Amino acid sequence: MAHWLVERGAGPERLVAVRVPRSVDLLVAVYAVVKSGAAYVPLDVDLPEDRVRHVLDSARPLLVLEEGLPDVSGYPEGDPVRELVPDHAAYVIYTSGSTGGPKGVPVAHRSIMNRIRWGLDHFDVGVEDRMMVSTSASFDASVPEMFANLQMGASVVVARADGHRDPAYLAELIQRERVTGAFFVPSLLSAFVAEPLAKQCTTLRWIEVAAEAFPAALANRFTELLPGCSANNLYGPTEATVEVTGWEHVPGSDRVPIGAPIWNTQVYVLDAALRPVPPGVAGELYLAGVCLARGYLGQTPLTSERFVACPYGAPGTRMYRTGDLVRWTKDGQVDYIGRTDSQVKVRGFRIELGEIEHVLTGHPAVAQAAVVVRDDQKGEQRLVAYVAPDPDAAVADADAQVDEWRQVYEESYADSAEQAWGEDFQGWKSVYDGEPIPVEQMREWRDAAVAQVLRFAPRRVLEVGVGSGLLLARIVGEVEEYWGTDISATVVDRLRAQTEQAGHADRVRLAAQAAHDVSGLPRDAFDTIVVNSVVQYFPSAAYLDLVLGELMELLAPGGRLIVGDVRNAATLRLLTTAEKRAAQPHASHEEIRALVEQALLAERELVVAPQWFTEWAADHAAGVDIRLKEGRAHNELTRHRYEVVLHNRPAAVLDLAEVPALVWGRDVTDPAQLAGRTGDGPVRVTGIPNARLVEEAAAASASGVMVSNALQGTAVDPQEIADSARRQGGEAVLTWSAEAAHCFDVVLLPEPKTVSGGFVPGPATGRMRINAPALAKSIGPLLAELPEYLRDRLPDYMVPATVVPLAEIPLNPAGKLDRRALPAEHTTTVSSGEPRNSHEEKLCALFSELLGLERVGIDDDFFVLGGHSLLATRLSARIRKQFGLDVPLRTIIQYPTVAELAALVLIGGIPDDHNGSFEVVLPLNRDPGTGKPPVWFLHGGGGLGWAYFTFVPYVQDRTAYALQSRGSNGTDPLAGSVQEMVDDYLAEILRIQPEGPFHLVGWSYGGPIAHALAVELDRLGHRVDLVAVLDAQPATSHPESGFKQVSGRTPDLYRADVEEVFGQFMNTSSMDDFLDTMSKVGANNLNKMGDFESPVYRGDLLYFNARLDKTEEVSSWGPDWRPHVLGSIEEHAVDATHHDLHMPRPAGQIMSVIAERLAR
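First residue of the sequence shown: 2, per this note's numbering; consecutive thereafter.
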């Protein structure tokens, strides 16, 4: 390859770009460029094209080597003879900076060889050592990875292209290839330490850690995990050739300095006048010596700015100004403090973000942290902290969680007491919309679970978590004995009575006991044990391990433990994205990403990746058969759950692990091609896109929740392959794929057999093996604790306004913190918001009771605080009892905060803390005594102003009233016209507020009423300072106008409209009298508005457009007001639909503008 390059002009001081994925070909290309005498310019294959163009325009390389290197078989194999000097460039790395686009940094052979030779000596590298090449080639830490070991006869192990993002893969690679040295950035090392396989990486002798601050807690966790491996903190900018200082961490130490200079390098800590500062005093770090790069390619002014004359060396010596704040320690080491140019100014204070991050990671329950500055709705800057909690810090109280689930199930089963035996599907709700999963789909699910058990022809069965007997009722007639246990005494008593009534009492034995309690159960007695749809309620991985171990002891030799309906951790991000998108269809990708991150942390159920079971089986000498769930329905059960069979001391079990494999999309492209493939025995087909999951994977990828690689071939429904195999007399073993979470493998058997090893784990099967449900309960207390923790250690102005929890801190392709990928803090904060009315007080109390928390704020998310679907069902029942409203699970999923639920309850339930809720004038708050003129809110078409209770918290400095339609109390006569209505309201306003200025706000129907009132007040000579119309049209005589279109509505038709709107959030069957009265008032209001013509107002109008349900043809009704307003019309877009403007977020958007206007 080098000869090929020379032939094309490559040589000293010429540049060759290399854009090849990490692979052997990458090393071939890089070494060839260097052997040709040229310098290589690495480009990541996934760089945006704009950045690639920028680099190529800047570097102007001779040529670009890309994937699929040229055929060089005809060229000589010996090294070409080239004339080089040590100061010729070896490579050019492009690095980003505060100056704008990427900057090219040429590094000479002399500089990089100094670093390589130091590293070989410092780490005592011998020929038996193996260095892992896992860093992006565009990151300069890759240079020693690729070149150092090979210079002295040692080896390198090349990680696959995307391997640096997958700690599980890296751990597996280190073990398999006996790697002895590796490079990590701290962000990746934190994830690596959390990987269960990491503790087995005992061949590691040393790791090099650089590019970010290395927290002492992380260093100690690593050295505790692998005590035979040294952790070395290295420091150095690209401009000083990879690293220039180093420090070997002392296990147990509470600090990790960046250390002392490497060979031929000088380190200066200077003040602003370039004078050395004494130990302990912060100064800027300057570097000098052989390590320095030439400067910046083609940027002489910038080079002169950063590479300055060194006053402490020989004439002509340069030093590099790093922009890093450091200090000398008393023992001659350098401590890193932060960046001089990462300082920010917030409210007049200069703040070092790194210092806040350092304090956050010092908390024992925080694994990682990042702090950024964001603008709030008013454009003011504030600090936002992101924390990734440490799962190991969350301690699971198994007994408490088992008791909690017992209580939930006691209530759940009590509610379903009337269900027929074996048909109790009550409580099976879809996570997508909160609606019951269709009964026919649930029966298919049950029948598949029954078939899974009966295919082994069992005689003595134990079911742990027997529940309402869904499986027992279908299996008991086929076996000699059926034992069952459950934590719910209620269900056990009911099931015992049902089995006796069905005539099976002689073969059924039931007991109320927890899954880990095997007392009274005979050992070596059962040929089949079933744990179906129960594992998700276990408190921890340790509890699952305990239960599996205990149950395996109860199996007879050759028996099997069937663990059914396991929630899959590998697809959890897909499911959660789909769930949040269904609940928030108008949310942005960034908002969805934030919602997903918080939901992952709040997950109260145990989710387990298939790989966990393969590792468990290997540790316990058990066979394991892992399969997709069968079923034609596409729902969360078939998409995101799976079946596990653990064979105890297996004898006649066929191992499928080494079955020859075909690749979908390459060797096989159509399901029809699978017919007849089993003539010579079993055959595996890998990487088949799963038609059940491809849409969810695409949505998760679009939202940035996960990286979805391009798939080969068309997507296939797994059930189609299973059915086809059966028709041919064979069997299709459907299992998860190592290629991607949304792919599956199939092993085709010529005839059905008992098997193991169908699932072959790989790096793509997911980083997370199993979650920590205890983390869900610890998030709220942690977020509540962190502000005080920070205040104890930082000045008040450095304490972030918001702390956002994330399942993991996002990394960029180099494995470093990606600040730009940090999600918005949308609905992720734990708020100190206090209840503002009795509805919010009662809902806060309900949240606290059900979640076991001392305090809940009105903006706290039920699910973020640890709620789950069963607890949400209980919350729905409590709301029904407390408020007389039937709020279904789907509404709680979509509106999970106290503030949101209170807003919905207020529009459908009487505000019980206000007398006269149906009077024309409804006070919305108490008079604060400021003397400021009030705000008047005008009712919508239904006549009531209760929805405005969510608006008034933003105007606490003045009174607020809602004007409501006469007749809403069910007795007063209805208005005879809109003008009569306006005159009536005008009299009421002037009775309470005789003088201006007046402030009027009208939503929907209230818009033209507020506008007409402003005209009347102006006509009377009163001052009107605010007329705000919320997403409303003016009333006109034009037949196509909005109000003309809906005039003529009867009360029945209006009621149908109201039930359609209310029905999105609550069941309306118990609201007859209320809806009858509202419908009479509403129909009258619309009919009268159809005869009204909005007058012309001389003043200004503030208009708010609910943009989410507008069309391309009509993007706003704001312009329709132009003929009716002589002054200005100022329009603001609101992220909501018309009917959702009273919800907390849009109400906040609207009122922040109105509050600012009132304050003028």
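Even glycine gets a Cβ: it sits at the ideal position worked out from N, Cα and C.
Predicted model only: the values in this text are computed from it and were never measured.
1. Does the count of Cβ pairs from the stretch 297 to 304 and the stretch 312 to 331 closer than 8 Å reach three?
2. Does A775 have its Cβ less than 8 Å from a Cβ in chain C?
3. Would the stretch 228 to 248 and the stretch 134 to 146 be scored as touching if the rule is three or more Cβ pairs under 8 Å?
4. Quick one: what's got a C-beta closer than 6 Å to G260's C-beta in the same chain, skipping five residues either side?
5. Is it buried or exposed for K430, if we count other Cβ within 10 angstroms and need 16 for buried?
6. At a cut of 8 Å, does the stretch 1014 to 1027 reach the stretch 1095 to 1105 through at least three beta carbon pairs?
7. What residue does the alpha helix (DSSP H) around N115 start on, and which one ends it?
8. Hey, is the stretch 547 to 559 in contact with the stretch 568 to 586, meaning 3+ C-beta pairs nearer than 8 Å?
9. Any idea what DSSP makes of Q442, helix, strand or coil?
10. Starting from the N-terminal side, write out each stretch of the alpha helix (DSSP H) that is 4 residues or longer and does not extend beyond the stretch 718 to 755.
11. Run through the DSSP bridge pairs and tell me what F527 is partnered with.
12. According to DSSP, is G466 part of a helix, a strand, or is it coil?
13. For E424, which option in A474, V454 and F215 has the closest C-alpha, if you only look at C-alpha atoms?
14. Would you kindly work out how many angstroms separate the C-alpha atoms of A808 and A273, rounded to a whole number?
15. Pick out whichever of P280, E598 and P390 has its Cα sitting closest to the Cα of D707.
16. Could you tell me the distance, in whole angstroms, from the CA atom of E697 to the CA atom of H840?
17. Please state if the CB of P954 and the CB of R837 are separated by a distance shorter than 8 Å.
18. Do you know how far the Cα of V684 is from the Cα of G730?
19. Pick out whichever of R52, A91 and D72 has its Cα sitting closest to the Cα of V13.
20. Excluding the 5 residues flanking H1143 on each side, which residues of the same chain have their C-beta closer than 6 Å to its C-beta?
21. Closest to A386 by CA distance: which of S188, L787 and R118 is it?
22. Within 10 angstroms of the Cβ of Q453, are there 16 or more other Cβ atoms? Answer buried if so, exposed if not.
23. Distance check for Q1046 and R1161, CA to CA, integer angstroms please.
24. What is the DSSP secondary structure of I352, counted as helix, strand or coil?
25. In the DSSP output, which residue or residues are listed as bridge partners for L923?
26. Could you please give the first and the last residue of the uninterrupted alpha helix (DSSP H) stretch that includes V134?
27. Determine the direct distance from the alpha carbon of L655 to that of R461, and round the result to whole angstroms.
28. Which residues mark the beginning and the end of the alpha helix (DSSP H) in which D1026 is found?
29. Do V1154 and S969 come within 8 Å of each other at the CB atom, strictly closer than that value?
30. Is T100 helix, strand or coil when you go by DSSP?
31. So what's Q382 in DSSP terms, helix, strand or just coil?
32. Going by Cα to Cα distance, which pick from D626, N150 and Y790 is closest to V804?
33. Rounded C-beta distance between E67 and R20? I'm assuming under 8 Å.
34. Give me, in chain order, the residues of the same chain whose beta-carbon lies closer than 6 Å to that of V158; leave out the 5 immediate sequence neighbours on both sides.
35. Report yes if the C-beta distance between T330 and P216 is below 8 Å; otherwise report no.
36. Measuring straight from C-alpha to C-alpha, what distance separates T1037 and S978?
In brief:
1. no
2. Absent from the structure is chain C; it holds one protein chain and no more.
3. yes
4. T246, G247, W248 and Q334
5. buried
6. yes
7. H110 to H123
8. no
9. helix
10. 719 to 728
11. L556
12. coil
13. A474
14. 41 Å
15. In the sequence on display, residue 707 carries Met and not Asp. Comparing Cα positions, the closest option is E598.
16. 37 Å
17. yes
18. 15 Å
19. Here residue 13 is Pro; the residue named in the question, Val, does not match the sequence. It is A91 whose Cα lies nearest to the Cα of P13.
20. A904, A948 and T951
21. L787
22. buried
23. 39 Å
24. strand
25. A963
26. Element bounds for V134: not the alpha helix (DSSP H) but the beta strand (DSSP E), R131 to V134.
27. 23 Å
28. Run containing D1026: none in the alpha helix (DSSP H); it sits in the beta strand (DSSP E), V1025 to L1031.
29. no
30. Confidence is the limiting factor: at T100 the pLDDT is only 37, short of 50, which leaves the residue's position unreliable, though a coordinate-based value still follows. Looking at T100 - three-state DSSP - the assignment turns out to be coil, as it is neither helix nor strand.
31. strand
32. Y790
33. 5 Å
34. R131, M133, E178 and V180
35. no
36. 15 Å
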